[in-house]
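In the working numbering, the protein residues as written are 1369 to 1615.
To keep things clear, I will list the structure first and then write my remarks on it.
Structure below.
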């Protein structure tokens, strides 16, 4: 007997099927773009035409376009159509990062966090400071045995607020793309490798350095937050499992 169409199970199945179609549409669109079917700056077919090409509905095409637009590959111009903005797919870069070992990952994160902290210290506004402070308050202190997912999410909000205070659009976008891999690495470090969490006090010092506009101190503290993690995985490279394997 088929499930009641109004039941949560039926809704979940419908959503799963829809997501599967969106994933297929994304894969097909990426393949067409990579093959050079539509050069940079050209307008791609309409949603209806793409639906016929990909054999999916318009709503599925619309969702796939939304994802690629957010990734910077497509540009939607209201009343004019959708254009190819870039042939570089950030998803491919993120897949490469996700396969890096934890030492390499935290070295990359240090580069990003140090630069965002430096720029934030010189460019932050009062509104930025309020957002960073709110992220710090929500983050709190993590204790072993407590749920880690919510903590990592709050920590990401804090660091993203600092990135946004940098006023560098390219850096902010890169940081947003990097967040999923950053969260996976943090989860692996805390739960699988028992690496000590940097702590609220050090993060509070970073906030105060940014608040004071002290670039040198902000850089020093941002480096201090991640240096123990880098050192831990440098001492034992075998412990630096790939993030893909830890998923």
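The beta carbon of each residue, even a glycine, is placed where N, CA and C say it ideally should be.
query = Nearest to residue 1435 by alpha carbon, out of 1479, 1450, 1595?
reply = 1450
task = Would you list the residues sitting across from residue 1528 in a DSSP beta bridge?
result = None, per the DSSP bridge assignment.
request  = Assess, as a yes-or-no matter, whether the region 1545 to 1561 is touched by the region 1517 to 1526 under the definition of 3 or more beta carbon pairs within less than 8 Å.
outcome  = yes
inquiry  = I'd like to check one pair, residue 1553 with residue 1473: are the Cβ atoms closer than 9 Å?
reply    = yes
ask   = From 1485, 1557, 1453, pick the residue whose C-alpha is nearest to that of residue 1580; which is it?
value = If you compare the alpha carbons of 1485, 1557, 1453 with that of residue 1580, the shortest gap goes to 1485.
ask   = Which ranges does the alpha helix (DSSP H) cover as unbroken runs of at least 4 residues, wholly within the region 1465 to 1503, from first to last along the chain?
value = 1470 to 1491
query = When the distance is taken between beta carbons, is residue 1403 closer than 9 Å to residue 1470?
reply = no
request  = Find out if the Cβ-Cβ distance for the pair residue 1409, residue 1452 is shorter than 9 Å.
outcome  = yes
task = With DSSP as the reference, please indicate the residues paired to residue 1445 in a beta bridge.
result = 1449
inquiry  = Measuring straight from C-alpha to C-alpha, what distance separates residue 1479 and residue 1585?
reply    = 15 Å
From 1477, 1444, 1492, 1497, residue whose alpha carbon lies closest to that of residue 1542 = 1477
query = In whole angstroms, what separates the C-alpha of residue 1489 from that of residue 1538?
reply = 18 Å
Buried versus exposed call for residue 1511 [16 or more other C-beta atoms within 10 Å across all chains shown] = So residue 1511 ends up on the exposed side.
query = Do residue 1492 and residue 1500 come within 9 Å of each other at the CB atom, strictly closer than that value?
reply = yes
ask   = What is the rounded straight-line gap between the Cα of residue 1494 and the Cα of residue 1551?
value = Linking residue 1494 to residue 1551 through their CA atoms gives a straight-line distance of about 27 Å.
ask   = What are the start and end residues of each continuous alpha helix (DSSP H) run of 4 or more residues lying completely inside the region 1559 to 1602, in chain order?
value = 1568 to 1580
request  = Specify, as a first and last residue, the run of the alpha helix (DSSP H) that residue 1353 falls within.
outcome  = The question about residue 1353 has no answer here: the residues shown for the chain are numbered 1369 through 1615.
query = In the structure shown, what three-state DSSP assignment does residue 1398 receive?
reply = It is helical.
ask   = Can you name the start and end residues of the alpha helix (DSSP H) that residue 1436 belongs to?
value = 1426 to 1438
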